[in-house]
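Enquirer: Here it is, the structure in full.
Residue numbers (mature numbering (1 follows the signal peptide of the UniProt record, and there is no 0)): -24 to -1, 1 to 325.
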């Protein structure tokens, strides 16, 4: 009899100990509960709940006791599944330019060129370009945050502003507007030359917003323009070809298409350029607000979508070009056809 009582006492002790453990690591199913809701509440997964409770289905009963993992619902621990991030790509369409693509995706021209190993501004329809950093790839790191306050993120100084370059801008013009030197602009923006692009963003210190008088500033570099003698020779060469018949893909005095005419005239005038299409020359030039004789004039959506025709500006709203119906001829920009297809004036880099 004593042996039986002792056994019962032992069972009671064991049962009491087990109940304490269960209450600390179990959950009693309530009305309306689901495995998914319980897993979310206890910071675990449905699969883990089913495994440690030997459940063959998602069916649970009111007042049922479920074991909860020891690691579930631990304060301060952040567990996230690894996420593989991939760099975004963009497919070039007709009429695209590098700066246009950069602006569309909120990145700089330098980043776009660097990510795609571009040595110049020539791009082609259907070409795929990376428009986010290829370095932002790989599994996300799962870590437990420290129990101390993280240092605040260092923001850019409040005295720095951004200026977005507009057509016709030069570093000299921007510098004079903000009362700073060209060298300061180049230093702040890590520029190795005076070349800038429409849409490019420049950092400028706000303390320089008012014009200042500063002695010994380096000379202001103005936007390059063609010397008069070079322009005169260029225009004379172009006009000497008046009446030359139109020939598709032609780039010699026997016949020209519009881009072949540009190639021949500029090459004869001493500029070393490659034989490209109108779109190719469009991507190797920059916009100008005040065109000069010798600049390029571009048209879009003529015989195809996008940049499709070009000529050389003569001044007085006239330009010379290889016309498919008249050959090399002079036309006026006030002509309704050319007005409706006009894109802009540009100049070779």
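The beta carbon of each residue, even a glycine, is placed where N, CA and C say it ideally should be.
1. With distance defined between alpha-carbon atoms, name the residue in 272, 291, 38 nearest to residue 323.
2. Please state whether DSSP places residue 296 in a helix, a strand or coil.
3. According to the Cβ coordinates, are residue 3 and residue 75 closer than 9 Å?
4. Give every residue of the same chain whose Cβ lies closer than 6 Å to the Cβ of residue 299, excluding the five residues on either side of it in the sequence, and list them in chain order.
5. Since I believe residue 251 is in contact with residue 239 (beta carbons under 8 Å), could you give me their beta-carbon distance rounded to a whole number of angstroms?
6. On a CA-only basis, which of 278, 236, 297 is nearest residue 219? Give me that one, please.
7. Quick one: Cα of residue 245 to Cα of residue 236, how far?
8. Please go through the same chain and pick out, in chain order, the residues whose beta-carbon is closer than 6 Å to the beta-carbon of residue 105, but skip the five residues on each side of it.
9. Here's the rule I'm using: 16 or more other beta-carbon atoms within 10 Å means buried, otherwise exposed. How should residue 222 be labelled?
10. According to the neighbour-count rule (16 or more other Cβ atoms, all chains shown, within 10 Å of its Cβ), is residue 187 buried or exposed?
11. Taking all protein chains shown into account, do 16 or more other C-beta atoms lie within 10 angstroms of the C-beta of residue 301, making it buried, or fewer, making it exposed?
12. Counting along the chain, where does the beta strand (DSSP E) carrying residue 266 start and finish?
13. Look up residue 19 in the DSSP assignment and say whether it is helix, strand or coil.
14. Just to confirm, is the Cβ distance from residue 68 to residue 99 under 9 Å?
15. Roughly how many angstroms separate the alpha carbons of residue 310 and residue 289, rounded to a whole number?
16. I need the straight-line Cα distance from residue 87 to residue 263, nearest angstrom please.
17. Please go through the same chain and pick out, in chain order, the residues whose beta-carbon is closer than 7 Å to the beta-carbon of residue 179, but skip the five residues on each side of it.
18. Consult DSSP for residue -10 and reduce its assignment to one of helix, strand or coil.
19. In terms of residue numbering, what span does the beta strand (DSSP E) encompassing residue 153 cover?
20. Within the same chain, show all residues whose beta-carbon is closer than 7 Å to that of residue 315, passing over the 5 residues directly before and after it, in chain order.
21. For the alpha helix (DSSP H) containing residue 335, list its first residue and its last residue.
22. For residue 320, which residues from the same chain have a beta carbon less than 7 Å from its beta carbon, with the 5 sequence-adjacent residues on both sides left out?
23. Here's a check: name, in chain order, each residue in its chain whose Cβ is nearer than 7 Å to the Cβ of residue 265, leaving out the five neighbours to either side.
24. Pick out whichever of 40, 80, 70, 83 has its Cα sitting closest to the Cα of residue 103.
25. According to DSSP, simplified to helix, strand and coil, what is residue 306?
26. Am I right that residue 97 and residue 259 are in contact with their C-beta atoms under 8 Å? What's the rounded C-beta distance?
27. Within a Cβ cutoff of 7 Å, which residues of the same chain sit near residue 256, ignoring the five residues on either side of it in sequence?
28. Residue 15 and residue 31: beta carbons closer than 9 Å?
29. Assign residue 230 to one of two classes, buried (16 or more other C-beta atoms within 10 Å of its C-beta) or exposed (fewer than that).
30. Does DSSP put residue 64 in a helix, in a strand, or in coil?
31. With a Cβ-Cβ cutoff of 9 Å, do residue 176 and residue 109 count as a contact?
32. Whole angstroms is fine: what's the gap from residue 286's alpha carbon to residue 226's?
33. In this structure, how does DSSP classify residue 30 when only helix, strand and coil are distinguished?
34. To the nearest angstrom, report how far apart residue 146 and residue 261 are at their CA atoms.
35. For residue 194, name the three-state secondary structure that DSSP assigns.
Expert: Answer, in terms of the structure:
1. The residue labelled residue 323 in the question sits at position 347 within the chain shown. If we check each option's Cα against that of residue 323, 272 comes out closest.
2. If you number the chain shown from 1, residue 296 lands on position 320. It is a strand residue.
3. If you number the chain shown from 1, residue 3 lands on position 27. If you number the chain shown from 1, residue 75 lands on position 99. Not closer than 9 Å, so no.
4. Residue 299 sits at position 323 when you count from the first residue of the chain shown. Cβ neighbours of residue 299 beyond the five flanking positions: 305.
5. Here residue 239 is taken as the residue at index 263 of the chain shown, counted from 1. Here residue 251 is taken as the residue at index 275 of the chain shown, counted from 1. Confirmed, about 5 Å.
6. Against the chain shown, residue 219 aligns to sequence position 243. Checking every option, the nearest Cα to that of residue 219 belongs to 297.
7. One-based indexing of the chain shown puts residue 245 at position 269. One-based indexing of the chain shown puts residue 236 at position 260. Computed Cα separation, rounded: 14 Å.
8. For the purposes of this step, residue 105 is taken as residue 129 along the chain shown, with counting starting at 1. Excluding residues within five positions, the ones whose Cβ falls inside 6 Å are 66, 92.
9. Mapped onto the chain shown, residue 222 falls at position 246. With 16 or more other Cβ atoms within 10 Å, it is buried.
10. Residue 187 sits at position 211 when you count from the first residue of the chain shown. Reliability of the predicted coordinates at residue 187 is poor, the pLDDT of 40 falling under 50, and no value is obtained from them.
11. Residue numbering aside, residue 301 sits at position 325 when the chain shown is read from its first letter. Burial call: exposed.
12. For this step, residue 266 is matched to residue 290 along the chain shown. Careful: residue 266 lies outside any beta strand (DSSP E) and carries neither H nor E.
13. Start at 1 with the first residue of the chain shown, and residue 19 comes out as number 43. Three-state DSSP puts residue 19 in coil, outside helix and strand.
14. Residue numbering aside, residue 68 sits at position 92 when the chain shown is read from its first letter. Residue numbering aside, residue 99 sits at position 123 when the chain shown is read from its first letter. Contact flag set, yes.
15. Here residue 310 refers to the residue found at position 334 when the chain shown is read from its first residue. Here residue 289 refers to the residue found at position 313 when the chain shown is read from its first residue. Residue 310 and residue 289: Cα-Cα distance of roughly 13 Å.
16. Taking the first residue of the chain shown as 1, we reach residue 87 at position 111. Taking the first residue of the chain shown as 1, we reach residue 263 at position 287. Residue 87 and residue 263: Cα-Cα distance of roughly 21 Å.
17. Your numbering for residue 179 matches position 203 in the chain shown. Same-chain partners within the cutoff: 136, 138, 164, 165.
18. Residue mapping note: residue -10 aligns to position 15 of the chain shown, counting from 1. In this predicted model, residue -10 has a pLDDT of only 38, less than 50, meaning its place in the structure is not dependable enough to derive any value.
19. Against the chain shown, residue 153 aligns to sequence position 177. It is not in any beta strand (DSSP E) - residue 153 instead sits in the alpha helix (DSSP H) that spans 147 to 154.
20. On the chain shown, residue 315 is found 339 positions in, with the first residue counted as 1. Cβ within range, chain order: 309.
21. As displayed, the chain neither begins before -24 nor continues past 325, which places residue 335 out of reach and without an answer.
22. In the chain shown, counting from the first residue as 1, residue 320 sits at position 344. So the list reads 263, 274, once near-sequence residues are dropped.
23. Residue 265 sits at position 289 when you count from the first residue of the chain shown. Hits under 7 Å: 143, 144.
24. The residue you call residue 103 lines up with position 127 of the chain shown. Selected option, being the one with the closest Cα: 70.
25. Stepping through the chain shown from its first residue, residue 306 is reached at position 330. Strand.
26. Reading the chain shown from its first residue, position 121 is the one you call residue 97. Reading the chain shown from its first residue, position 283 is the one you call residue 259. Right, their Cβ atoms sit about 5 Å apart.
27. Translated into positions along the chain shown, residue 256 becomes position 280. Excluding sequence neighbours, residue 256 sits near 98.
28. Residue 15 sits at position 39 when you count from the first residue of the chain shown. Residue 31 sits at position 55 when you count from the first residue of the chain shown. In this structure, residue 31 does not lie closer than 9 Å to residue 15 by Cβ.
29. By 1-based counting over the chain shown, the position of residue 230 is 254. Residue 230 should be labelled exposed.
30. The residue labelled residue 64 in the question sits at position 88 within the chain shown. Residue state, collapsed to three classes: coil.
31. Counting from one through the chain shown, the residue named residue 176 turns up at place 200. Counting from one through the chain shown, the residue named residue 109 turns up at place 133. No. Outside cutoff.
32. Numbered from its first residue, the chain shown carries residue 286 at position 310. Numbered from its first residue, the chain shown carries residue 226 at position 250. C-alpha separation (whole angstroms): 14 Å.
33. For the purposes of this step, residue 30 is identified with residue 54 of the chain shown, where counting begins at 1. Looking at residue 30 - three-state DSSP - the assignment turns out to be coil, as it is neither helix nor strand.
34. What you label residue 146 is simply residue 170 of the chain shown in a count that begins at 1. What you label residue 261 is simply residue 285 of the chain shown in a count that begins at 1. Rounded to whole angstroms, residue 146 to residue 261 spans 15 Å at the Cα level.
35. As a first step, residue 194 is located in the chain shown; it is residue number 218 there, counting from the start. Low local confidence applies: a pLDDT of 42 at residue 194 is under 50, so the model's placement there is unreliable, with the coordinate-based value given in what follows. Looking at residue 194 - three-state DSSP - the assignment turns out to be coil, as it is neither helix nor strand.
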